[in-house]
Amino acid sequence: MKFSTLDELVTTMQGLDDDPLAATGSKMVIYRGNPAAKLMIVGEAPGPQENKQGKPFVGPSGKLLEQILASVELSSEEDTFITNAVFRMPPGESTAVRKPTVAEINYYKPYLDEIIRLIDPKIVLLTGGVSMRSVLNETKLGITKVRGQWFE
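Written out as structure tokens, the structure is:
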């Protein structure tokens, strides 16, 4: 699957109704930030606040991310492009959200790969095991084994 523009890809993604999480009623949360940014941050999946606002990293993790970016004089809206490995919130009980399943990660992977191709960032920061598995196709090593390492 190849798209000419990010807008074309987003429109297609927003129309998906056969994905494994469509029946949950959660929103398709695709990205926020600057598509021209050289730093892409990839998280796991939307949580309740992200689902409510339709933007990734706006809940508690987003507040921490904003503080970290500000400490190195970066703006989440100008200097970064922020997305997730899974684009809908996995169901959970009340505010608890379960980790995405392998099937969910695999379903959204071609869309994440296409976002990365279209944005063409210099650096992709993976913020956890789900994003690591999706982007690096790494299923044998845990996040603690690869934390702090650089990959081409």
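Numbering (this note's numbering), first residue to last: 28 to 179. The beta-carbon is built from N, C-alpha and C at its ideal position, and this holds for glycine as well. From a predicted model like this one, the values you see are computed outputs, not experimental measurements.
{"Item": "Following the continuous beta strand (DSSP E) through I150, name the residue where it begins and the one where it ends.", "Value": "150–153"}
{"Item": "Any heavy atom of the ligand ATP closer than 7 Å to the beta-carbon of T39?", "Value": "For the ligand ATP, the structure offers nothing, since it holds no ligand at all."}
{"Item": "First and last residue of the alpha helix (DSSP H) that includes R144?", "Value": "129–146"}
{"Item": "Going by alpha carbons, who is nearest to K172 out of G52, V85, V162, G156?", "Value": "G156"}
{"Item": "Which one of E179, I170, W177 has the shortest CA to CA distance from G70?", "Value": "I170"}
{"Item": "Who are the Cβ neighbours of L101 in its own chain at under 8 Å, not counting the five residues just before and after it?", "Value": "L66, T107"}
{"Item": "Tell me whether I182 is buried or exposed, calling it buried when 16 or more other Cβ atoms sit within 10 Å of its Cβ.", "Value": "Since the first residue shown for the chain is 28 and the last is 179, residue 182 is missing from the structure and cannot be characterised."}
{"Item": "Taking the beta strand (DSSP E) that L188 belongs to, which residues open and close that run?", "Value": "Given a span of 28 to 179 for the chain in the structure shown, any question on residue 188 remains unanswerable."}
{"Item": "The alpha helix (DSSP H) that contains I109, what's its start and end?", "Value": "Looking at the DSSP string, I109 is not in any alpha helix (DSSP H); the run it does join, the beta strand (DSSP E), is 107–111."}
{"Item": "Output the distance between the C-alpha atoms of Y134 and T154, rounded to the nearest integer angstrom.", "Value": "19 Å"}
{"Item": "Express the C-alpha separation of M40 and P137 in angstroms, rounding to a whole number.", "Value": "11 Å"}
{"Item": "Could you check whether A72 and V113 sit closer than 8 Å to each other, using their CB atoms as the reference points?", "Value": "yes"}
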